[in-house]
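Structure first, then comments.
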Amino acid sequence: MSFIRTETHGHVLVITLDRPQARNAFNREMADEMEAVVDAFEADRQLRAAVLTANGPTFSAGQDLIAAARGERAIAARRGGFGILIQPPAKPLIAAVEGQALAGGMELTLCCDLIVASTAAVFGLAEVKRGLVAVGGGCFRLPRQIPYHIAMEMILTAETKTAEEMHRLGYVNRLVAPGETLAEALRLAALIARNGPAAVRAAKEIASRSHAEGWTDAEGWEKQNPIVAPAFNSPDRDEGLRAFAEKRDPVWTGL
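Numbering (my numbering), first residue to last: 952 to 1206.
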């Protein structure tokens, strides 16, 4: 059985969690499937961004606790939890959240570069309610995304926050009516996909690594150079400059 569906919209891949009967919670099979989907997305030069969405009223409840109770952890071999938590894709990933993003489901959104949420969506790290800890990145990624004391409230109380609250905190990029998240996420993805693929990958790596690793300016000047080198040496760089001079849209090769 497949728990994840994919479809392409031009240069954008839509990844749909499709285990609604279990609130899109992950077991090991689903984690392995996600890892394979992310690997294929990374390898396909025609794909420049992805949208992560879900089937059913819940975005994801995280780890399948019934599977966990019998000793089955939703950890893939290389990309870790849910096949994505330790090693998200190098290409941009946008979350389209309808309903609840709880525990590992919220940690999935912490792997994303942009978040579109319905006004009916809620976010929460519920692990401590079950005597667990948000070890899928929640405890160290969330305090970097929103004010420290608000993050600590969510981590320690396990109480949820609405999409409107998370939007005010700057966690959610776009707040839309229920049922509109995928369309809005695809609009954002199209804005990304029109840009130079190698340049976008390099820009994402610099921004995400500098944020996660706390680079100083001096470290940034040094560490960005090897990251941007492939983009600057790409045929797409020359194409972008030619297209500007010729007043036309660039035709990217993705090389």
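Using N, Cα and C, we set each Cβ at its ideal position, and we do this for glycine too. If you're wondering where the values come from, they're calculated on a predicted model, not measured in any experiment.
Discussion item. If you follow the beta strand (DSSP E) that residue 1074 is in, where does it begin and where does it stop?
Written reply: 1073-1075
Discussion item. Report the CB separation of residue 1025 from residue 982 in whole angstroms; it is logged as a contact under 8 angstroms.
Written reply: 4 angstroms
Discussion item. Can you give me the C-alpha to C-alpha distance between residue 999 and residue 1062, rounded to a whole angstrom?
Written reply: Near 17 angstroms, if we compare the C-alpha coordinates of residue 1062 and residue 999.
Worksheet item: Do you know whose CA, among 1027, 1043 and 1046, lies nearest residue 1037's CA?
Response: 1027
Discussion item. Please classify residue 1172 as buried or exposed, where buried requires at least 16 other C-beta atoms within 10 Å of its C-beta.
Written reply: Exposed, by the Cβ-count rule.
Fill in: Burial state of residue 1012, where buried means 16 or more other Cβ atoms lie within 10 Å
buried
Worksheet item: Whole-angstrom Cβ separation of residue 1115 and residue 1070, contact assumed at under 8 angstroms?
Response: 6 angstroms
Fill in: When 1033, 1072, 1018 and 1202 are compared against residue 1187, the one with the closest alpha-carbon
1202
Item to complete: Following the continuous beta strand (DSSP E) through residue 1161, name the residue where it begins and the one where it ends.
Response: Residue 1161 -> not in any beta strand (DSSP E); alpha helix (DSSP H) instead, spanning 1148-1164.
Discussion item. If you follow the alpha helix (DSSP H) that residue 1038 is in, where does it begin and where does it stop?
Written reply: Per DSSP, residue 1038 belongs to no alpha helix (DSSP H) and is neither H nor E.
Practice prompt. Run the CB neighbour count on residue 1159, radius 10 Å, all protein chains shown included, and call it buried at 16 or more, exposed below.
Written response: exposed
Fill in: Three CB pairs or more closer than 8 angstroms across the region 1077-1089 and the region 1100-1109
yes
Worksheet item: How is the alpha helix (DSSP H) around residue 1004 delimited, first residue to last?
Response: Premise fails: residue 1004 lies in the beta strand (DSSP E), 1000-1005, not in any alpha helix (DSSP H).
Worksheet item: Terminal residues of the continuous beta strand (DSSP E) containing residue 1051?
Response: 1051-1053
Fill in: Option nearest residue 1079 by Cα separation, candidates 1162, 1053, 1064 and 957
1053
Worksheet item: Helix, strand or coil for residue 954 per DSSP?
Response: The DSSP-derived three-state label of residue 954 is coil.
Practice prompt. Assuming residue 1137 contacts residue 960 (C-beta within less than 8 angstroms), just tell me the rounded distance between them.
Written response: 6 angstroms
Item to complete: From the DSSP output, in three-state form, read off residue 1204 for me.
Response: Here residue 1204 carries a coil assignment [DSSP, helix/strand/coil].
Worksheet entry | Same chain, Cβ closer than 6 angstroms to residue 1133, neighbours up to 5 away in sequence not counted | 1004 and 1047
Worksheet item: When DSSP labels each residue in this structure, what does residue 1066 get in the three-state scheme?
Response: strand
Discussion item. Given this structure, state the Cα-to-Cα distance separating residue 1014 from residue 1068, to the nearest angstrom.
Written reply: 21 angstroms
Worksheet item: For residue 971, which residues from the same chain have a beta carbon less than 6 angstroms from its beta carbon, with the 5 sequence-adjacent residues on both sides left out?
Response: 1006 and 1007
Worksheet item: Could you give the distance in angstroms between the alpha-carbon of residue 1057 and the alpha-carbon of residue 1165?
Response: Each residue's alpha carbon lies about 23 angstroms from the other.
Discussion item. Tell me which residues share the same chain as residue 1081 and place their Cβ nearer than 8 angstroms to its Cβ, disregarding the 5 neighbours each side in the sequence.
Written reply: 1016
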